[in-house]
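Chemist: In the numbering used here, the protein residues as written are 733 to 920.
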Ligand code: M6P
Ligand code: ZN
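#1: Based on Cα-Cα distance, which residue from 822, 827, 821, 838 lies nearest to residue 799?
#2: In its own chain, which residues sit with a C-beta less than 8 Å from the C-beta of residue 751, not counting the 5 before and 5 after it?
#3: From the DSSP output, which residues share a beta bridge with residue 914?
#4: One question on the structure: do residue 877 and residue 835 come within less than 9 Å of each other, judged by their Cβ atoms?
#5: Given a cut-off of 9 Å, decide if residue 901 and residue 812 are closer than it, judged by their beta-carbon atoms.
#6: State the CB to CB distance for the pair residue 862 and residue 888, rounded to an integer number of angstroms; the pair is presumed to be in contact (CB under 8 Å).
#7: Buried or exposed: where does residue 793 fall if 16 or more other Cβ atoms within 10 Å of its Cβ makes it buried?
#8: Taking Cβ to Cβ, would you say residue 837 is nearer than 9 Å to residue 810?
#9: Taking just the CA atoms, how far does residue 816 sit from residue 755?
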């Protein structure tokens, strides 16, 4: 819990100074998120897929957290680098703000309905309560975004690890395509 007012300086590349924690996710830690098993095995497990800086720590329902996430550019097979994706343990909303690079947010409610929203610099996306969310770097540079959510929201990865999102975001000759996951071999 953060019990005093504070401020932090956010850099263009997503750094936060000061910050309370840095979370770095490497490919080897999220191999199951990507569909192409052979591509995962051929890739460097130490490759950093994203890095997040956070201010404020998990605390009471009244507290908010702010977090920047920088997703590196790249693909695993033809699937773009992305976050694992999660529901909140306590259904609650989240604001995303696109800072730099080309991103896309994939959101899916518990009935399976999917909505994707591009997140160019300056855009704000609202993730309503009950919608799982995953961010994808669909560009060639770092994709940096800022997130604000309740500090007691919690990350529930289990449902996404079990059945995944209904769509995947793949690289194409002229950008990206959002395609149904059906028929794409899942690696977990
Ligand atoms: C955003 C927020 C964080 C989340 C991070 C990475 O910054 O939604 O809560 O941890 O993205 O997403 P994930 O944990 O699903 O990999
Ligand atoms: Zn969230």
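Think of the CB as a built atom: it goes at the ideal place given N, C-alpha and C, for glycine as much as any other residue.
Modeler: Looking at the atomic coordinates:
#1: That would be 827, whose Cα lies nearest to the Cα of residue 799.
#2: For residue 751, where only same-chain residues beyond five positions count, the Cβ hits under 8 Å are 740, 785, 786, 787.
#3: DSSP output for residue 914 lists no bridge partner at all.
#4: Cβ distance < 9 Å, so residue 877 and residue 835 count as in contact.
#5: Contact: yes.
#6: Contact flag wrong, Cβ pair sits at about 11 Å.
#7: That one is exposed.
#8: Taking 9 Å as the Cβ cut-off, residue 837 and residue 810 do not qualify as a contacting pair.
#9: So the two alpha carbons sit approximately 13 Å from each other.
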